[in-house]
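Below: one structure, written as structure tokens.
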Amino acid sequence: MVSKRTDELLALDRKYLVHGFANVGSGDVWPIIERAEGVKCWDTEGKAYYDAASQQTSNTLGHGQKEIIAAICEQAQKLQFAHLLGRQSNVPIIEYAAELARVVPAGMAHFFFTNGGTEAVETAFKMARLYWHVQGRPKYKIVSLQDGFHGAGMGSAAATRAGSGAFWTGYAPLAAGFIQAPTFYCNRCAFGLKYPSCDILCARYVEKVIQAEGADSVAAYIAEPVMGAAGNVAPVPEYFSIVRQICHDHDVFMIGDEVQTGFGRTGRLWGQEHWSVKWDIMTVAKAIDGCYLPFGATLLSDRVFEGLKGTMVWHGFTQHGNPICAAAASAALKIIFRDRMVENAEKVGNYALERLNREFQKLPVVSDCGGLGLMLGIEVVRDKETKMPFDAETMRKWVRKVLERGLYVRMALAKDYSRVRFNPPIITTEKEADEMLDILYASIAELK
């Protein structure tokens, strides 16, 4: 039984709102979040929840960061809006670009600012295709990974296979020219092999895909350093080095989708740092400003930027380069470095992963634990031998039960397996991580 106020809000939600990633008009809404602070949220009934999902891996710096809020309010008093379309610019976005340029990977300090991750990915695809058009080599195809997630636009959804095609069904035709390669999830190897005797076939197979399509038609390969929607799946150490060489050999751009991994989530400022691999184009969003406002960016390498110099870019968005978003992002960047948030993500992430491997892996329903930093995943199965997954309805009820215990988690967008995502804010302490994991352990132990 809920309060009259909550009941009224639920009725209004059902009447007026269409939720993404949910059935239209289902009415299955819970909780209604009213306030948040640090790593916790409170609903309209006053119940507290540990936010072990960082609100879709977005509130990386947690809730209620006063410096970010103050920066937003201060900037709103000076300049509320000024776009970057055409020849116009604004002070906050220029100053933020200079700050960001000092910390991005070498040779990547050219920014096209967006309103979020999907727009950043759509921009990456268009910039890659435009580059090859300008060079007189109209390469246009994009290779992405099965189980990868890159957004919900017509191009980004075409590159998305998380959910086994759910992002395609009913929306066809999506953008043309998108091809999938096998993913790098060892526990569900597409080839039925074991690491390391597999010789990293999932990486080497990317070359077969490029050759089958014709390298003269393939513009880019895109992947997440850690596949978020797939359940926080990290590759084996050799994977990206092999793919980087393949892309180099066939003159195919490598797009790093760091929308979820960027700004410290994996225990490195950028996911690519785990393997010393360099992207040609990179996308960021979510943690760029702690997700306090809609903001993102597409980063271009020197090669791409120089190759496009003098070219008219018929692409952009009304809020492209919003000054208030820039102020929020600047404040977030200061917090990340001053408070050593990247180091904390590595420290607490390693602590949590060690506990997952020591305790959770022994549970009869846990098939795999892994990830990097505070981007961890736990696959649960009905049977460890056959790896038979739990059905969707069982997991839906289970997530609701975990929520009732005061822990907010998300499941992988996967049809063929059930993987719990553990993505608390990177401000999380070991004590807070333990409290979250205690709830999670007890909940997983009850799965049957």
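Throughout, the numbering used here is defined as the position within the sequence shown, counted from one, plus 7. Glycine is no exception: its CB is placed at the ideal position from the N, C-alpha and C atoms.
- Is DSSP giving histidine 255 helix, strand or coil here? helix
- By Cβ distance, which residues of its chain are closer than 7 Å to phenylalanine 367, with the 5 residues on each side in sequence left out? Within the same chain, phenylalanine 367 has close Cβ partners Val373, Cys376, Ile385, Tyr448, Ile451.
- Where DSSP assigns a beta bridge to aspartate 264, which residues make up the other side? Thr290
- Task: Out of Pro432, Thr318, Ile229, point me to the one whose CA is closest to glycine 380's CA.
- Result: The alpha carbon of glycine 380 has as its nearest neighbour, out of Pro432, Thr318, Ile229, the alpha carbon of Pro432.
- Go through its chain and collect everything with a Cβ distance to isoleucine 39's Cβ below 6 Å, but skip five positions before and after it. Leu16, Asp50, Thr51
- Task: Output yes or no for whether 8 Å exceeds the beta carbon distance between alanine 226 and aspartate 296.
- Result: Judged by their CB atoms, alanine 226 and aspartate 296 are not nearer to each other than the 8 Å cut-off.
- So what does DSSP say about lysine 47, is it helix, strand or coil? In the three-state reduction of the DSSP assignment, lysine 47 falls in the strand class, which pools E and B.
- Message: Do asparagine 430 and threonine 64 count as a contact pair if the criterion is CB distance below 8 Å?
- Response: Contact flag set, yes.
- Message: Does the contact criterion of 3 or more C-beta pairs under 8 Å hold for the region 271-287 versus the region 331-349?
- Response: yes
- Task: Go ahead and pull the three-state DSSP assignment for threonine 305.
- Result: strand
- Task: Since I believe tyrosine 228 is in contact with isoleucine 207 (beta carbons under 8 Å), could you give me their beta-carbon distance rounded to a whole number of angstroms?
- Result: At roughly 15 Å, the Cβ-Cβ gap does not stay under 8 Å, so isoleucine 207 and tyrosine 228 are not in contact.
- What are the boundary residues of the beta strand (DSSP E) that glutamate 386 is part of? 382-390
- Item | Proximity winner among His255, Lys293, Ala294, Glu313, relative to lysine 285 (alpha-carbon distances) | His255
- Where do the N-terminal and C-terminal ends of the beta strand (DSSP E) with aspartate 58 fall, by residue? 55-58
- Message: Quick check: phenylalanine 270 and alanine 241, are their CB atoms within less than 8 Å of each other?
- Response: no
- Task: Compare the Cα-Cα distances from leucine 310 to each of Met8, Met134, Gly155 and report the closest residue.
- Result: Residue identity differs from the one stated: residue 310 is arginine in this sequence, not leucine. Among Met8, Met134, Gly155, the Cα nearest to that of arginine 310 belongs to Met134.
- Task: Measure the alpha-carbon distance for tyrosine 23 versus valine 216 and round it to whole angstroms.
- Result: Distance from the CA atom of tyrosine 23 to the CA atom of valine 216, rounded to whole angstroms, is 45 Å.
- Does DSSP put arginine 412 in a helix, in a strand, or in coil? coil
- Out of Ala440, Glu220, Tyr192, Arg211, state which residue places its alpha-carbon closest to the alpha-carbon of isoleucine 186. Glu220
- Is phenylalanine 28 buried or exposed, if buried means 16 or more other CB atoms sit within 10 Å of its CB? exposed
- Where do the ends of the beta strand (DSSP E) carrying cysteine 376 lie? Cysteine 376 -> beta strand (DSSP E) spans 373-379.
- Message: Could you pull the DSSP bridge partners for histidine 70 from this structure?
- Response: Gly45
- Message: Suppose contacts are defined by Cβ-Cβ distances below 8 Å. Is alanine 230 in contact with leucine 152 by that definition?
- Response: yes
- From threonine 290 to lysine 85, what does the alpha carbon distance come to, in whole angstroms? 29 Å
- Item | Complete beta strand (DSSP E) runs within the region 117-198 (minimum length 3 residues, chain order) | 118-121, 148-152, 185-188
- Message: I'd like the list of long-range same chain contacts for serine 10, defined as Cβ closer than 8 Å, with 5 residues on each side in sequence excluded.
- Response: So the qualifying residues of the chain are Thr51, Glu52.
- Query: Going by C-alpha distance, which of Glu453, Lys354, Ala304 is nearest leucine 370?
  - Reply: Glu453
- Message: Looking at proline 99: is its Cβ nearer than 8 Å to the Cβ of glutamine 72?
- Response: no
- Query: Are the beta-carbon atoms belonging to leucine 92 and histidine 327 less than 8 Å from one another?
  - Reply: yes
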